[in-house]
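*Asks:* Here our numbering is used: the first residue of the sequence shown is 580, the next is one more, and so on.
Glycine included, every Cβ here is placed at the ideal spot set by N, Cα and C.
Small disclaimer: the values here were computed from a predicted structure and weren't measured.
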Amino acid sequence: MNILLPGDDGFDAERRSLNPAVDAKPFKIIISGGTADVRTAIETARREDLPFAVQATGHGTHVPADGGLLLKTGSMARVLVDPDRRVAVAGPGARWSDVLAAAAPFGLAPLSGSSPSVGVTGYTLGGGMGWLARKYGLAADSVLRAEVVLADGRTVVASPDRHADLFWALRGGGANFGVVTRLHFRLYPVSQVVAGTVTLPRDGELIARYRDWASGAPEETSTALMVRPDGLMLKVMHAGPAVEARKLLRPFTSAATASDLRQIGYAEAAMGGTPARYMDYLPALSDPAIAAILAVEASNVEIRHWGGAIARGTGPAGHRDAPFTAIVDTPGVSEGLRPFGIGGTFLNFLADPSRVDTAYTAANLARLREIKAAYDPTNFFRVNHNITPSIGNVERKAA
Numbered sequence: 580m581n582i583l584l585p586g587d588d589g590f591d592a593e594r595r596s597l598n599p600a601v602d603a604k605p606f607k608i609i610i611s612g613g614t615a616d617v618r619t620a621i622e623t624a625r626r627e628d629l630p631f632a633v634q635a636t637g638h639g640t641h642v643p644a645d646g647g648l649l650l651k652t653g654s655m656a657r658v659l660v661d662p663d664r665r666v667a668v669a670g671p672g673a674r675w676s677d678v679l680a681a682a683a684p685f686g687l688a689p690l691s692g693s694s695p696s697v698g699v700t701g702y703t704l705g706g707g708m709g710w711l712a713r714k715y716g717l718a719a720d721s722v723l724r725a726e727v728v729l730a731d732g733r734t735v736v737a738s739p740d741r742h743a744d745l746f747w748a749l750r751g752g753g754a755n756f757g758v759v760t761r762l763h764f765r766l767y768p769v770s771q772v773v774a775g776t777v778t779l780p781r782d783g784e785l786i787a788r789y790r791d792w793a794s795g796a797p798e799e800t801s802t803a804l805m806v807r808p809d810g811l812m813l814k815v816m817h818a819g820p821a822v823e824a825r826k827l828l829r830p831f832t833s834a835a836t837a838s839d840l841r842q843i844g845y846a847e848a849a850m851g852g853t854p855a856r857y858m859d860y861l862p863a864l865s866d867p868a869i870a871a872i873l874a875v876e877a878s879n880v881e882i883r884h885w886g887g888a889i890a891r892g893t894g895p896a897g898h899r900d901a902p903f904t905a906i907v908d909t910p911g912v913s914e915g916l917r918p919f920g921i922g923g924t925f926l927n928f929l930a931d932p933s934r935v936d937t938a939y940t941a942a943n944l945a946r947l948r949e950i951k952a953a954y955d956p957t958n959f960f961r962v963n964h965n966i967t968p969s970i971g972n973v974e975r976k977a978a
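Shown next as structure tokens:
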């Protein structure tokens, strides 16, 4: 364990996140080397009455740890793969690049996201929408068990058989319930995929064609349609043979102006993502909704196809019944889209921590608050996308 105070070498580098809007000024930083250090950090924060925050890679930091204790878990990055059981075990500092490198030699893949530099644990606790999700579900759905250090310093193992309520909450409830020090999750037999983009003209009829085509697309195919100021770009990942992918995409072939689709190793497929300055779920991609999307002329709008195994998941993450989401990468230009959405978001894509309620259905949010009250009644874990604890009709606000 290493403790850094303001003015120490490395303090400024460690306090920074990847979010330029967050300029955290913690009272102290603890760099953890293991579970015992995590427990010590929690006990120190409680004893000194300091706000407590956790940061691994810095991708998911939206609330500054001002005046608090910032726990850095980046050095806890060990990854183990059991190829026979198709299971990976990752520490809280592991990135998806670490898991991809460990799993690929066995022809296996995790349910990683659009960037291999993202941290495994934060991504998974926030739900984890990736490019194999329609076939295998969200990353949170693949979790088998988790080792967690609770607010009172106890270490417990959450699984379907032990602390089952906590296990449910962790799979989409974010960092509200404890510090996960070890995550066990499934791997899947995917070594090669067909991935890339198809460039199309900016045409409402092609967007409508995509809507109709997506309703019958197989679960092996995940797509997003980028509506850009200069045209459309269909992003595709197909976990099947190349000949099958070419056949599936014939409705777009005649209109395409370019394509870079190719068969590639899953670990090498870089799909990229759209910064979510605005996000909502679309219960339908209606003609009026398409017109509203085309009216956003100066920004990129990503229409993402959900459904498949995502809709069958049992954890609290997201609004699983909606077939599409719309993401806009520029703030303040999305008012015309609001009438067509449900007012819902996905925790991993939520930039405004005050809107955490929009990331869940009402029933799931109520259950998450009850579980929060059971495991963290004083809201110790609150420097995050905070779910406040509630007991009955009494909600305990953050201090």
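1) Among residues of its own chain, excluding the 5 on either side of Y789, which ones have a beta-carbon nearer than 6 Å to its beta-carbon?
2) Between A818 and V769, is the Cβ-Cβ spacing less than 8 Å?
3) So, is S721 buried or exposed, given that buried needs 16 or more other C-beta atoms within 10 angstroms?
4) Give me, in chain order, the residues of the same chain whose beta-carbon lies closer than 6 Å to that of R657; leave out the 5 immediate sequence neighbours on both sides.
5) Would you kindly report the start and end of the unbroken alpha helix (DSSP H) that includes F606?
6) How far does the alpha helix (DSSP H) with A737 in it reach, from first residue to last?
7) Buried or exposed: which applies to I786, given that a residue is buried once 16 or more other Cβ atoms fall within 10 Å of its Cβ?
8) Is the beta carbon of G923 closer than 8 Å to that of H884?
9) Helix, strand or coil for S676? Go by DSSP, reduced to three states.
10) Note the first and the last residue of the continuous beta strand (DSSP E) segment covering E881.
11) Quick one: Cα of D859 to Cα of D587, how far?
12) Can you look up F756 in the DSSP assignment and give me helix, strand or coil?
13) Can you give me the C-alpha to C-alpha distance between D677 and G639, rounded to a whole angstrom?
14) If you draw a straight line from the C-alpha of A560 to the C-alpha of R761, how long is it?
15) Identify the residues that DSSP records as bridge partners of A632: which are they?
16) If you draw a straight line from the alpha carbon of D900 to that of P585, how long is it in whole angstroms?
17) Assign A774 to one of three DSSP states: helix, strand, or coil.
18) Measuring CB to CB, does V815 end up less than 8 Å from T800?
19) Apart from the five residues just before and just after V777, which ones in its own chain have a Cβ nearer than 6 Å to its Cβ?
20) Grab the span of the alpha helix (DSSP H) containing L749 for me, first residue to last.
21) Are E876 and P808 closer than 8 Å when you measure CB to CB?
22) Taking the C-alpha atoms as reference points, what is the distance between G753 and V772?
23) S693: which of Y857, G707, V736 and G920 sits nearest, CA to CA?
24) By a C-beta neighbour count over all protein chains shown, 10 Å radius and 16 as the cutoff for buried, is S696 buried or exposed?
25) Have a look at D866, P956 and Y857 and flag the residue whose alpha-carbon is nearest the alpha-carbon of F928.
26) Checking the sheet assignment: what are the DSSP bridge partners for K714?
27) Going straight from the alpha carbon of G701 to that of P797, what length do you get?
28) For R674 and V699, I'd like the C-alpha separation in whole angstroms.
29) Given a cut-off of 8 Å, decide if A718 and Y845 are closer than it, judged by their beta-carbon atoms.
30) Hey, quick one: how far does the alpha helix (DSSP H) through Y789 stretch, first residue to last?
31) With a cut-off of 8 Å on the beta carbons, I'd call W747 and G894 a contact; round off their distance for me.
32) Excluding the five sequence neighbours on either side, which residues of its own chain have a C-beta within less than 6 Å of the C-beta of T981, listed in chain order?
33) Measuring only the C-alpha atoms, how far is L723 from D661?
34) Runs of 3 residues minimum, wholly inside the segment 860-924: which ones carry the beta strand (DSSP E) assignment?
35) What would DSSP say about E726, mapped onto helix, strand or coil?
*Replies:* This is what the structure holds:
1) L804
2) yes
3) buried
4) G670
5) Neither: F606 is in no alpha helix (DSSP H) and is coded neither H nor E.
6) Taken as a continuous stretch (DSSP letters only), A737 belongs to no alpha helix (DSSP H), being part of the beta strand (DSSP E) at T734 to A737.
7) buried
8) no
9) helix
10) V880 to H884
11) 43 Å
12) coil
13) 18 Å
14) Beyond the ends of the chain as shown, which are 580 and 978, falls residue 560; an answer cannot be given.
15) L649
16) 47 Å
17) strand
18) yes
19) L813, F831, A835 and S838
20) A743 to L749
21) yes
22) 30 Å
23) G707
24) exposed
25) Y857
26) Per DSSP, none; premise fails for K714.
27) 29 Å
28) 5 Å
29) no
30) G783 to A793
31) 6 Å
32) Here the chain comprises residues numbered 580 to 978, so residue 981 is not present and cannot be evaluated.
33) 13 Å
34) 880-884 and 903-907
35) strand
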